[in-house]
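Using my numbering, read the sequence shown as starting at 171 and increasing by one per residue.
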Amino acid sequence: MSEVAKLTLRDYKIELPVVEGSESEVGIDIGKLRAETGAITLDEGYVNTGSTTSAITFLDGEKGVLRYRGYPIEQLAEHCDFVEVGYLLMKGELPTKSQLDTFQGKLSGFRKLPDEMTGFFAGFPKDAHPMATLCAGVLAMSNYYQRLLDVHDGEKVDEAVMRMLAKLPVIAAYAHRNTIGEAPLLPDEKLDYCRNFLRLMFAKKGEDYEAPDELVHALDMLLIVHADHEQNCSTSTVRMVGSADTNLFASISAGILALWGPLHGGANEACVNMLEMIREDGGNVGKYVDMAKDKSHGFRIMGFGHRVYKSYDPRAAIVKAACYKVLEKLKIDDPVFEIAQKLEEVAATDEYFLERNLYPNVDFYSGVLYRAMGIPPKMFTVLFAMGRLPGWIAHWLEMHHNPGKRINRPRQIYTGEIERNVVPMSERG
């Protein structure tokens, strides 16, 4: 007999099925709870609620484990490029050489934006945040590719996926170029995914540009460590919006907006700004640690702690190691990186941080590395979106392939006024 959880609620005694995942994670299926008892569960922020089963990503926050389709993030970051990892997330297996060549060829052929979209970016003010422009550009694709919006047509969905993957980096680079007053460049089909993006970002019109290998490898790694992270805020948003059979372009644009929040993807930009503030104030790390521990002060150290990880974020360790390599190869002496390391050293021995399981997360060092690569702070979250894209797509596809898919519709516990009668305006005093 399958294991069950027994619940007693007032006059009801019911048995709820227990679901166990492939990594021995245990969940209680409450699908029939309301029908049998009239009650629902209440879980603010969905901290203890599983919204679905998924075969894409496994993470263990207590042990600091992160795996895509069973592969440890450390191995993927060392041995694969971003396109390989994107293929893995969406299709379930790492590609063969032939499969990868075909996949990359399709991506290269789909890079160019419709001619009408080129002038789209010039319509935004120069100080527009690139995340707003990115979202608008992705959503606009719903207009330019209306024939691909049917979520039940497999061939059309496949093409929408490839166009989404191919064009988002181009939109991202154009968003940046608009803020610096540079005209957009046409993508180069002969360059690989990351080299093409860096060229679109940094090349001057009419000049040759070849991205340094150090930057290409660093970008590949950064995109890989951000590629998926289970049911986070933006991924859950993509799934929720997509559950209404909303097309892929619109669903991804919703995920971009969720990622923009400073408590989610925007944290890397906020983290670098914080480190820069400490540097400008003389680099007194101890002062800011004391401020963070003082509840009356309101200062918060960005880049420490995570909703899931209660140990060192494995992605942070990978990015920190890359910071050493890239800064050394580019001969950059960055005081912000030094401050970040000092801050981590202090936190590693401070009871306040240890008792609360506050360790560096991926945002703490990723901004430092982006900065060393010449990426401006407003583009940090855009790069996060570029990395997270294959994860969003993988979850969107998985949801639509799930025979038990239903439109997402959370319940609530109402705490407002009980029924009352409307008083005519003349009697309200």
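Every residue gets a Cβ at the ideal spot worked out from N, C-alpha and C, and that includes glycine.
Expected contact under 8 Å - CB spacing of residue i and residue j to nearest Å
i	j	result
LYS326	ARG317	7 Å
PHE252	CYS364	6 Å
THR266	PRO300	At roughly 36 Å, the Cβ-Cβ gap does not stay under 8 Å, so THR266 and PRO300 are not in contact.
ILE426	CYS250	That pair is no contact at about 25 Å.
LEU236	ARG526	Their Cβ separation, rounded to whole angstroms, is 21 Å, which puts LEU236 and ARG526 out of contact at 8 Å.
TYR182	THR207	5 Å
LEU259	ASP398	6 Å
ALA209	LEU246	Not confirmed; about 43 Å, so no contact.
ILE545	GLY453	Wrong, their Cβ atoms sit about 23 Å apart, outside the cutoff.
GLU232	SER481	6 Å
LEU338	VAL308	6 Å
ASN417	SER312	6 Å
TYR479	ASN531	7 Å
GLY435	SER404	7 Å
LEU429	ALA336	Wrong, their Cβ atoms sit about 20 Å apart, outside the cutoff.
LEU392	LEU553	7 Å
GLU359	SER268	The Cβ separation is near 19 Å, so there is no contact.
PHE290	ALA310	6 Å
Own chain residues within Cβ distance below 6 Å of residue i, not counting five before or after
i	result
VAL411	SER421 and ALA424
THR669	The chain is shown only over 171 to 599; residue 669 falls outside these bounds and no answer can be derived.
PHE550	ASN438, GLU439, GLY537 and TYR540
ASP415	VAL321
VAL386	CYS364 and ARG365
ASP533	ALA437, ASN438, CYS441 and GLY473
ARG558	HIS396
PRO547	GLU439 and VAL442
ASP383	none
GLY256	PRO560
LEU513	VAL455
ALA517	PHE523
MET444	MET472
ILE448	TYR458 and ILE509
Sequence-distant residues of its chain with Cβ nearer than 7 Å to residue i (five each side left out)
i	result
ALA388	ALA492, VAL496, LEU539 and MET543
MET371	ALA343 and HIS346
ILE200	LEU186 and THR211
LEU361	ARG369
TYR379	ARG369, PHE372 and ALA373
VAL408	SER421, ILE422, ALA424, GLY425, TRP562, HIS565 and TRP566
ALA381	ARG365, LEU368 and ARG369
PRO357	ARG281, LYS282, VAL340, ASN366 and LEU370
HIS467	MET461
ILE583	LEU212
VAL592	none
VAL196	VAL188 and GLU190
GLU173	VAL188
TYR535	ALA486, VAL489, LYS490, CYS493 and ALA510
Identified DSSP bridge partners for residue i
i	result
LEU179	TYR182
GLU190	VAL196
PRO505	Paired residues: none, contrary to the question.
PRO530	PHE474
VAL174	PRO187
Own chain partners of residue i with C-beta closer than 8 Å, once the 5 adjacent residues on each side are dropped
i	result
ILE198	ALA175, LEU186, PRO187, VAL188 and VAL189
GLU446	VAL506
LEU243	Looking at the sequence itself, residue 243 is Ile, so the reference to Leu does not match. The residues are LEU236, ARG237, ILE394, VAL395, PRO484, ARG485 and ILE488.
PHE273	VAL253, TYR257 and PRO265
SER470	Contrary to the premise, residue 470 reads as Arg rather than Ser in this sequence. Cβ within range, chain order: ALA462.
LYS375	GLU352, ALA353 and LEU355
SER413	MET569, LYS575, ARG576, ILE577 and ASN578
VAL331	MET260, LEU418, ILE563 and LEU567
GLU193	PHE228 and ASP230
In chain order, which alpha helix (DSSP H) runs of at least 4 residues are fully inside the stretch 540 to 574?
550 to 571
What are the uninterrupted segments assigned as beta strand (DSSP E) that are 3 or more residues long and contained completely in the stretch 365 to 392, given in chain order?
Given a length threshold of 3 residues, the stretch 365 to 392 has no whole run of the beta strand (DSSP E) inside it.
Would you call the stretch 459 to 474 and the stretch 575 to 582 in contact, with 3 or more CB pairs under 8 Å?
Taking 8 Å as the limit for Cβ pairs, the verdict is that the stretch 575 to 582 does not touch the stretch 459 to 474.
Please give me, in chain order, every unbroken run of the alpha helix (DSSP H) with length at least 4 that falls completely inside the stretch 192 to 280.
203 to 207, 243 to 249, 252 to 261 and 267 to 279
Whole alpha helix (DSSP H) elements within the stretch 398 to 476, 4-residue minimum
Every unbroken stretch of the alpha helix (DSSP H) spanning 4 or more residues and falling wholly within the stretch 398 to 476 is given here in chain order: 403 to 412, 418 to 429, 437 to 450 and 455 to 463.
Counting pairs of Cβ atoms below 8 Å between the stretch 567 to 574 and the stretch 451 to 464, do you hit three or more?
no
Beta strand (DSSP E) runs wholly inside the stretch 295 to 336, at least 3 long, in chain order:
As far as the stretch 295 to 336 is concerned, it has no whole beta strand (DSSP E) run of at least 3 residues.
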